[in-house]
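Quick note on our numbering: the sequence shown kicks off at -7 and runs consecutively.
Glycine included, every Cβ here is placed at the ideal spot set by N, Cα and C.
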Amino acid sequence: MRRLTVVQLLPALHSGGVERSTLEIARALVAAGHRAIVVSAGGRLVQALLDSGAEHLTLDIGRKSLLTLRHVASLRQLFTDTGADIVHARSRLPAWLGWYALRGMPAGTRPHWLTTMHGLNSPGRYSGIMASGERVICVSQTVHDYLLRHYPTTDPGKLRVIPRGVEVQQFPRVARSDRRARLAVAARYPGLAGDAPLLLLPGRGTRLKGHAHAIQLLADLQLVGQQALLWLPGAREPGREAYVGELEALAQGLGVAERLLITEPTSRIAEAYAASDLVLQLSDKPEAFGRTVLEALSVGRPVLGWDHGGVGELLAQLQPSGAVPLGQASVLAQRAALLLHDPPPLPHRIPFTLQAMQRATLDVYAELVG
């Protein structure tokens, strides 16, 4: 494939799955000898992007304001000046701006248009822009089916399912008998010391992540004589003090406050997985993919989650025993006790790798340019 110039559009580069995927594809492009340009409002991941050899243009293309329309001309000029071959939009407002910029270019010089549907956005005309690409990447079969259900006029032939991937070197397998990670975590958080099984639910401090379900599970396990500890890394964030207070009050009322630890996000998430005995994924809203499932299984820890969205899809393929019907707390507790007492066999190889995702995305780029 000849050397390509690919421009990716997204609101910002702070943190999150969309941002991570953008960096991963930029690195793959540069490694393959292509030119990778990212347009966003900036953020803490910009330096990592630049370190990979990619380029960044700072434009606030994610701000919902009429003033943001002024960036259409800037984007059109960027596409022209760089001779962009492909414009790849990853979020709705940047996609609209990119789409309008392309419409103003002569057909013969217009870059190819690609979108990735990262989430299960509320259906409607505004979200429909994500189905407008010449090719549309769906991050899971769940997203693929959701798109066709809500945008039935979309040509299925232009959709490409490319699951997100885990960098298995960053999440190496750790034997269950290896206690070093648990000891290291307990050294930082003494409340997690001891031999009681550790339940882990990593996630932001929002109700959608299902922290309350995890606390109820902890209490239900205690009622049947199964002692455990629960760690919620990431739930304690600036601005989420009231929510954390609610969780602490719930735990107090259920009699499990002494067995619960709510902390800020951890930068050592692979170690957190290795320290745990069971990883929870209890989001009330279906996830588009469910990267937590892959990361935990890569480390060799079983997962317990609601059987819907991308999480249910991954569990069905990789660890069916971890899937529980949405909202059935009694079944959740029974399954948790079973998984703790008799850990299930886990896949020795995770098929959804970062390298596979990068290769498949570059293959889509090659499709577009012929």
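Boundaries (first-last residue) of the beta strand (DSSP E) holding residue i
| i | result |
| --- | --- |
| R127 | R127 to C130 |
| G35 | Careful: G35 lies outside any beta strand (DSSP E) and carries neither H nor E. |
| Q273 | L270 to Q273 |
| L190 | L190 to L192 |
| V153 | L151 to V153 |
| V160 | Unbroken run through V160: none, as it is neither H nor E. |
| H333 | First-last for H333: A321 to H333, but that is the alpha helix (DSSP H), not the beta strand (DSSP E). |
| L175 | From DSSP, L175 is part of no beta strand (DSSP E) but of the alpha helix (DSSP H) over R172 to R180. |
Counted within 10 angstroms of its Cβ, other Cβ atoms place residue i as buried (16 or more) or exposed
| i | result |
| --- | --- |
| K56 | exposed |
| R180 | exposed |
| E256 | exposed |
| V294 | Checking the displayed sequence, the identity of residue 294 turns out to be Pro instead of Val. It is buried - the Cβ of P294 has at least 16 other Cβ atoms within 10 Å. |
| E233 | exposed |
| E250 | exposed |
| K330 | In the sequence as presented, Lys is not what sits at residue 330; that position holds Leu. Label assigned to L330: exposed. |
| Y118 | exposed |
| P225 | buried |
| T145 | exposed |
Boundaries (first-last residue) of the alpha helix (DSSP H) holding residue i
| i | result |
| --- | --- |
| T134 | Q133 to H142 |
| V79 | Segment I78 to A81 is the beta strand (DSSP E) holding V79; no alpha helix (DSSP H) there. |
| G297 | Unbroken run through G297 is the beta strand (DSSP E), V295 to W298; no alpha helix (DSSP H). |
| T353 | L346 to V361 |
Beta-carbon gap between residue i and residue j smaller than 8 Å
| i | j | result |
| --- | --- | --- |
| A315 | D299 | yes |
| L272 | L192 | yes |
| E11 | Q133 | no |
| G54 | A123 | no |
| A206 | L222 | yes |
| I254 | A220 | no |
| A264 | P182 | no |
| L252 | L210 | yes |
| P189 | L270 | yes |
| P103 | D73 | no |
| I154 | I121 | no |
contact_flag[the stretch 112 to 127, the stretch 73 to 88] where n(CB pairs < 8 Å) is 3 or more: As far as the Cβ criterion goes, the stretch 112 to 127 touches the stretch 73 to 88, which means the pair count is three or higher.
Just list the beta strand (DSSP E) runs in the stretch 196 to 250, keeping only unbroken ones of 3 residues or longer that don't cross its boundaries, in chain order. 221 to 225
Of all the beta strand (DSSP E) runs that stay within the bounds of the stretch 6 to 58, which reach a length of 3 or more residues? 27 to 32 and 47 to 50
I want to know whether the stretch 26 to 39 touches the stretch -6 to 2 - three or more CB-CB distances under 8 Å. yes
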